[in-house]
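All remarks here apply to the structure that follows.
Here it is in structure tokens:
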């Protein structure tokens, strides 16, 4: 029978509670100290491995969720795959038995990453996730057998919301920081740089030393271009607000040797943008062109050099049966325009498109209007200000007694920065190099006067070079046309320019 006499006294209860609380605090303090000792003695990667092994003993396979991250999402590169692949480089452990190791000729360090079949364990806010690299072979009608790389991300299904909304964004941000630390500008071209062509982009590091400080071009034009680039890269929200694709187009035109290719490299180095060098003569159809262009990365430059020599992309006003009127299966001007400012132009962000030409007047006006080529940059013959830059680059001087005579001669003859640079490289002695340049300029002036006393004309050498280039372009076009198979004509709506 219940009796009040059996109830412990208040002092006894308080004593027991105090003892229990003190014991709990002692255990908690000891656990904290043990945790600190373990953290100091056992590396984080080994701790994660031990936790993963213990978790595997008690986990229920049916409770596991797996996300598949393919390297490509349709035509486009899957940026989440690239971010995850970069992030996993930081999770390599000595216990892994199969790794992928690579080093480009100009890389300073070896790159190590996981290989097919390798698993990586990661911890995020107390959540254990597992990564595994797999590869799947598929067939493509145009390219034959294609290997698709897939990253599998596994975790307990109750953490799916945290993984998708928190962990994966964390992986993306970490990969951006890693890339910025080790950023190397890439040069992409069709094929694998070993003579082969597999219908995809191959890349190598761009180790071009060109910078805006070293470019021999008009200072005002240079400043205008740099300001335009700075304005472009910081205007993400602006482009979104006004409803325009985040892209910019530049046309570089002028005689050969005026620094168009060097300017492209300087832009890439300045912005840390990769370059995609596209040879249109290697592209046979609009559909192939779309696939190639959509697979380019964000923060990149698409470069088409000598656009005036590209097949079927010249001025359509040349006459009937002319340019840009092929079938839907052929490469046409309309196909290129659709990517530059049509619906396909929105498939990517922070893109720059660069065309170069020696003959601006030969390009179809549809390619040159604002919204396609937003800024036209004339790469002119060498001027006195450009010569000062070259003298600083090659002779490490900013002033000399012979500069005035050189300046006067440059105003009277047309020479390219490449020709001036070649003369300055002929001697390490400053006086000899400058005198050699003066002799070269005097000789050019004399030839120009003998050739045409009525005005400043391009010299015979450059005229012959221009004619030779036009002949090569014509031969390329004929060869390209002859290689195309006969197709049944397809009818459809043409794009209006």
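In full-length UniProt numbering, the protein residues as written are 1 to 497. Backbone N, C-alpha and C define an ideal beta-carbon position, used for all residues, glycine too.
- For residue 337, the enclosing alpha helix (DSSP H) starts and ends at 333-341.
- Distance from the CA of residue 395 to the CA of residue 180, rounded to the nearest whole angstrom, comes to 34 Å.
- Only buried fits residue 301, as 16 or more other CB atoms lie within 10 angstroms of its CB.
- Looking from the CA of residue 358, the closest CA among 418, 380 and 217 belongs to 380.
- Counting the other CB atoms within 10 Å of its CB gives residue 429 a total below 16, which places it among the exposed residues.
- Within the same chain, Cβ atoms closer than 7 Å to the Cβ of residue 420 are found at 382, 387, 390 and 437, the five residues on either side in sequence being excluded.
- Beta-carbon to beta-carbon, residue 175 and residue 64 are separated by about 25 Å, too far to satisfy the 8 Å threshold.
- Counting along the chain, the unbroken alpha helix (DSSP H) around residue 238 starts and ends at 236-242.
- For residue 406, the CB contacts under 8 Å within the same chain, skipping 5 residues up- and downstream, are 384, 387, 434, 437, 438 and 441 in chain order.
- Residue 393: not part of any beta strand (DSSP E); member of the alpha helix (DSSP H) spanning 384-395, first to last residue.
- One alpha carbon belongs to residue 202, the other to residue 189, and they sit about 5 Å apart.
- Taken through DSSP and simplified to helix, strand or coil, residue 299 comes out as coil.
- It is roughly 30 Å from the alpha-carbon of residue 377 to the alpha-carbon of residue 285.
- As the crow flies, the alpha-carbon of residue 334 is around 31 Å from that of residue 230.
- The Cβ atoms of residue 162 and residue 83 do not sit closer than 7 Å to each other.
- With fewer than 16 other beta carbons inside 10 angstroms of its own, residue 98 counts as exposed.
- Per DSSP, the unbroken alpha helix (DSSP H) holding residue 410 starts and ends at 403-410.
- Under the three-state reduction of DSSP output, residue 273 falls in the coil class, being neither helix nor strand.
- Distance from the CA of residue 415 to the CA of residue 423, rounded to the nearest whole angstrom, comes to 11 Å.
- When DSSP states are grouped into helix, strand and coil, residue 378 belongs to the strand group.
- For residue 443, DSSP assigns no beta-bridge partner whatsoever.
- For residue 357, the uninterrupted beta strand (DSSP E) segment begins and ends at 351-357.
- In this structure residue 128 is buried. Its beta-carbon is surrounded by 16 or more other beta-carbon atoms within 10 angstroms.
- The straight-line gap separating the alpha-carbon atoms of residue 249 and residue 73 is approximately 26 Å.
- Here residue 202 is bridged, per DSSP, to 189.
- Under the three-state reduction of DSSP output, residue 249 falls in the strand class.
- For residue 103, same chain residues with a beta-carbon under 7 Å away, outside a window of 5 residues either side, are 110 and 111 in chain order.
- At the C-beta level, residue 355 and residue 307 come within 7 Å of one another.
- For residue 99, the uninterrupted beta strand (DSSP E) segment begins and ends at 99-102.
- Three or more Cβ pairs closer than 8 Å define a contact, and the segment 205-223 meets that threshold against the segment 260-271.
- In the DSSP assignment, residue 170 falls within the alpha helix (DSSP H) that extends over 168-181.
- At the C-beta level, residue 152 and residue 19 stay beyond 7 Å of one another.
- Shown here, residue 135 sits in a strand according to DSSP, grouped into three states.
- For the pair residue 116 and residue 96, the CB atoms are not nearer than the 7 Å cut-off.
- In this structure residue 304 is in contact with residue 278, their Cβ atoms being roughly 5 Å apart against a cut-off of 8 Å.
- Here the alpha carbon of residue 26 sits roughly 49 Å from the alpha carbon of residue 150.
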